[in-house]
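J.:
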Amino acid sequence: MTTSRTNDGDGLGRRAFLRGGVAAGAASAFLGLMGSGALAAPAGRGKMGPGQAPENGGYGPLQPAPGGELLLPAGFSYVAFGQTGTLMSDGRPTPGRHDGMAAFASDDGMIRLVRNHEQSEGPAFTSPSYDPLAAGGTTTMVFDPSAMSLVSTHPSLSGTIRNCAGGPTPAGTWLSCEETFTGLNHPTPHGYVFEVRADADGPVEPVPYKQMGRFVHEAVAVDPATGIVYETEDRGSSGFYRYVPDNRDDLGAGGRLQMLAIKDQPRYDTRIGQHAGRTLPVEWVDIADPDPDSDDSLAVFYQGRDAGGATFARLEGAWYADGSIFINSTSGGDAGLGQVWEYRPRGNSGGQLVLVYESTDPDLLQSPDNICVSPNTGGLVLCEDGGGRDLLRGVTNRGEIFDFAALNSSNTSELAGATFSPDGSILFFNVQSPGVTYAVTGPWENGAL
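The sequence shown stops at residue 1225 when you use the numbering used here, and every number in between is there.
1) Would you report the Cα separation of P1219 and L1203, rounded to the nearest angstrom?
2) Can you check DSSP and say which residues form a bridge with S856?
3) Quick one: Cα of I1177 to Cα of H1051, how far?
4) Helix, strand or coil for Q1079, going by three-state DSSP, please let me know.
5) Just to confirm the assignment, what range does the beta strand (DSSP E) spanning Q839 have?
6) Can you tell me whether G1175 is helix, strand or coil according to DSSP?
7) According to DSSP, C1159 sits in a beta bridge with which residue or residues?
8) Would you tell me roughly how many angstroms separate the C-alpha atoms of T1087 and R1081, rounded to the nearest one?
9) Report all residues from its chain with a CB closer than 7 Å to the CB of G844; omit the five preceding and five following residues, and keep chain order.
10) Kindly indicate which three-state DSSP category E1221 falls into: helix, strand or coil?
11) Enumerate in chain order the residues of its own chain whose CB-to-CB distance from P1000 is below 6 Å, with the five nearest sequence positions on each side excluded.
12) How should Q839 be labelled, buried or exposed, when 16 other C-beta atoms within 10 angstroms of its C-beta is the threshold for buried?
13) Run through DSSP, which three-state label would Q1034 get?
14) Please determine if the segment 1125 to 1140 and the segment 1105 to 1115 are in contact, where contact requires at least 3 C-beta pairs separated by less than 8 Å.
15) Identify which residue in G876, L1027 and P931 has its Cα closest to the Cα of E955.
16) DSSP three-state label for A1089, please.
17) Determine the closest residue to G1093 out of A995, G872, V855 and G1163, with distance taken between C-alpha atoms.
18) Among D1199, E1118, P921 and G1049, which residue has its Cα nearest to the Cα of N1152?
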């Protein structure tokens, strides 16, 4: 909103152009996880881990898909596009390290995909740039769903560092988050959130939203009922934050940053010793200085913890669904394999935190990172970023895990950016290295997605 809106014409709140890929009404997968299937330990699996879904979520086993690059269930196919190095509409090569992404529908029938690039030092790949010495940012791809082909790609945000994840907003924008905190010795400070209009046909003016905090960001999720933006932090000791904007239609106009705390249990540690299904009452503590003049990447976290805030282990993916915010703790849990948490807002100051799932078996789930929810069934997609071969894992509404996609090679690159087209017919995702985007279609009605 704000600067990028003014530079590119129409106000986003007044356009019917974009409808984000978040289908909140259907997105109830994590709520299903709260059923008994997620809380009971399957035989031989240990505590708090759902079992494998029957018939692999209804889709059957993975097998080489036509083209050979991916393993998918029978009947599914894919197209690959947006590879690193391919020329964009401005003649420049597509940047690499594809990461978080969201899909937006436009009035012309096309789908616009705003995609992060988790690059660090190096020349900015276009101008205007926030920092000419920073190689990260976003690109926007126009995809034709009827032809299943890429129409065009253009740069949309430049001069940022380690754009890892982020999230779509109800206004049809993408909030791109820097997973970094460069010290004061760097000519330009980093560690901010930037906003990109999905309908922009060129680079937006890069404006850091400093009141949203300067820390090692990962993802955001926006509650459309309140306009509050929830933010995750990717550190071994991390906080879960919320940004309460002064004007929900103009995030850059300022607001209040707060950190989650467990009521009557200051400095609560969620990383180990947790129990699925237990309800923890929540309160929010203020961050006095969201943009600290410090070299310490944990300066914001320490403010929140000193005020009683809770500690998480590497918070990454975030998603809004049916009135709740769901977050992945990539290395949380007694086994360090990952946790999924649900925050249920209640009024303006409270709410509840519930551990939905904690993995105890790397064969079922290891290091969940980005997440998205299917608008078809409310089934969940988890992108793994573990130590071996990573998969896209599905989660049924009964809390059972299944395998949905994998690379048909020895490539162990992180999978990222899973997002459905608004109508639920296409699942897009990225392979970070060597950098490629896939669009998957098939008989979704056969299974849990």
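From the three backbone atoms N, C-alpha and C, an ideal C-beta is built for every residue, glycine too.
T.: Let me lay it out:
1) Start at 1 with the first residue of the sequence shown, and residue 1219 comes out as number 443. Start at 1 with the first residue of the sequence shown, and residue 1203 comes out as number 427. Roughly 12 Å between the two C-alpha positions.
2) As a working note, residue 856 is residue 80 in the sequence shown. Strictly speaking, residue 856 in this sequence is Ala, with Ser absent from that position. Partner(s): Y1214.
3) Along the sequence shown, one-based indexing puts residue 1177 at 401. Along the sequence shown, one-based indexing puts residue 1051 at 275. Near 19 Å, if we compare the C-alpha coordinates of H1051 and I1177.
4) Along the sequence shown, one-based indexing puts residue 1079 at 303. Here Q1079 sits in helix by DSSP.
5) Position 63 of the sequence shown, counting from 1, holds the residue named residue 839. Run containing Q839: L838 to P840, per the beta strand (DSSP E) assignment.
6) Taking the first residue of the sequence shown as 1, we reach residue 1175 at position 399. The answer is coil: DSSP assigns G1175 none of H, G, I, E or B.
7) Your numbering for residue 1159 matches position 383 in the sequence shown. Answer is L1168.
8) For the purposes of this step, residue 1087 is taken as the residue at position 311 of the sequence shown. For the purposes of this step, residue 1081 is taken as the residue at position 305 of the sequence shown. The straight-line gap from Cα to Cα measures roughly 7 Å.
9) Within the sequence shown, numbered from 1, the residue matching residue 844 stands at position 68. Once the five neighbours on either side are set aside, the close Cβ partners of G844 are N1184.
10) As a working note, residue 1221 is residue 445 in the sequence shown. DSSP places E1221 in helix when its eight states are reduced to three.
11) Position 224 of the sequence shown, counted from the first residue, corresponds to residue 1000. Cβ within range, chain order: P946.
12) One-based indexing of the sequence shown puts residue 839 at position 63. With fewer than 16 Cβ atoms within 10 Å of its Cβ, Q839 is classed as exposed.
13) What you label residue 1034 is simply residue 258 of the sequence shown in a count that begins at 1. Residue state, collapsed to three classes: strand.
14) yes
15) Against the sequence shown, residue 955 aligns to sequence position 179. Checked all of G876, L1027 and P931; the closest Cα to E955 is G876.
16) Here residue 1089 refers to the residue found at position 313 when the sequence shown is read from its first residue. In the structure shown, A1089 sits in coil (DSSP, three-state: anything other than H, G, I, E or B).
17) Your numbering for residue 1093 matches position 317 in the sequence shown. Checked all of A995, G872, V855 and G1163; the closest Cα to G1093 is A995.
18) In the sequence shown, counting from the first residue as 1, residue 1152 sits at position 376. Answer by Cα proximity: D1199.
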